[in-house]
Amino acid sequence: MPEKKYFVHESSYVDDNVEIGEGTKVWYFSHIQSGARIGKKCSIGQNVNIGNNVTIGNYVKIQNNVSVYEGVELEDYVFCGPSMVFTNILNPRSEFPQRGTEFYLKTLVKKSASLGANSTILCGTTIGKYAFVGAGAVVTRDVPDYGLMLGTPAKLFGWMCACATKLDMTPDPESEETVACKKCGRRYIKKGHSVTQIENK
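Heads up, the sequence shown is in this note's numbering, so the first residue is 5 and it goes up one at a time.
Written out as structure tokens, the structure is:
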């Protein structure tokens, strides 16, 4: 039997038909359900549930007490803070259960987005790359790339650099600005509700 190139703590359960990438670590009391695919060098914390058929990219960090339900996809380098919440059914009823893939609204968290502790992501939304959702925020709509979302319901409060430093930009949709990050020097241009990084030539 070939040696596993990933680590799963003995208190955790991994169902059949699961793919786990090299260097990934699954810590205490977690459950990886059938059909899940987890990339390389991920960290899956304590008491984490990865649902059926969930796709998780490389270098993803999921902190303690998080459930990633079927219908959720996490791209590379996503950070899920402690006890943050995903949903996969918009209007659930215990009396009228909605089970099966056809009921689950897809949620996509793009590359390098950060979801703060105790934040909630309603199903059917897309979180843009390098977006930053603050602790306790409740996201009810799509989040733009590099967007800083705070509050309940979450609103756009500004923009974040790839290095996780707040950019000196206004969230005003009418403005057009070009700024450099004070910490790392990366440059960005904002047009309305869209921010893109200016590549060095």
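Even glycine gets a Cβ: it sits at the ideal position worked out from N, Cα and C.
As the structure is a computational prediction, the values presented were derived from the model and not from experiment.
Only exposed fits Leu-94, as fewer than 16 other CB atoms lie within 10 angstroms of its CB. Its chain contains Ile-93, Pro-96 as the residues whose beta carbon lies nearer than 8 Å to that of Gln-102, once the 5 sequence neighbours on both sides are disregarded; these appear in chain order. Annotation: Tyr-10 to Ile-42 spans about 11 Å, alpha carbon to alpha carbon. In this structure, Lys-115 lies near Asp-80, with their beta-carbon atoms less than 7 Å apart.
Taking C-beta atoms as the reference points, Ile-131 and Val-142 fail to come closer than 7 Å.
Here DSSP, grouped into helix, strand and coil, assigns Glu-181 to strand. Nearest to Ser-118 by C-alpha distance, out of Thr-105, Tyr-73, Lys-133, is Lys-133. Relative to the Cα of Gly-27, the nearest Cα in the group Cys-188, Ser-15, Glu-7 belongs to Glu-7. His-35 is bridged by DSSP to Tyr-17, Asn-53. Under the three-state reduction of DSSP output, Phe-90 falls in the strand class.
In terms of Cβ geometry, Val-113 and Leu-78 form a close pair [threshold 7 Å]. Taking C-beta separations shorter than 7 Å and ignoring five residues to either side along the sequence, the partners of Phe-83 in its chain run Lys-65, Ser-118, Leu-119, following chain order. With respect to the 7 Å criterion, Ile-125 and Phe-90 are classified as neighbours on the basis of their beta carbons. The residues Leu-171, Cys-185, Arg-190, in chain order, have a CB closer than 6 Å to that of Cys-165 in the same chain once the five nearest residues on each side in sequence are set aside.
Residue environment for Ile-48: buried (at least 16 other C-beta atoms within 10 angstroms of its C-beta). Boundaries cannot be given for Tyr-134, as no beta strand (DSSP E) includes it and DSSP labels it neither H nor E. Out of Glu-23, Val-52, Met-153, Val-137, the CA that lies nearest to the CA of Ser-16 is found in Val-52.
Cα atoms of Ser-38 and Tyr-73: separation of roughly 12 Å, rounded to the nearest angstrom.
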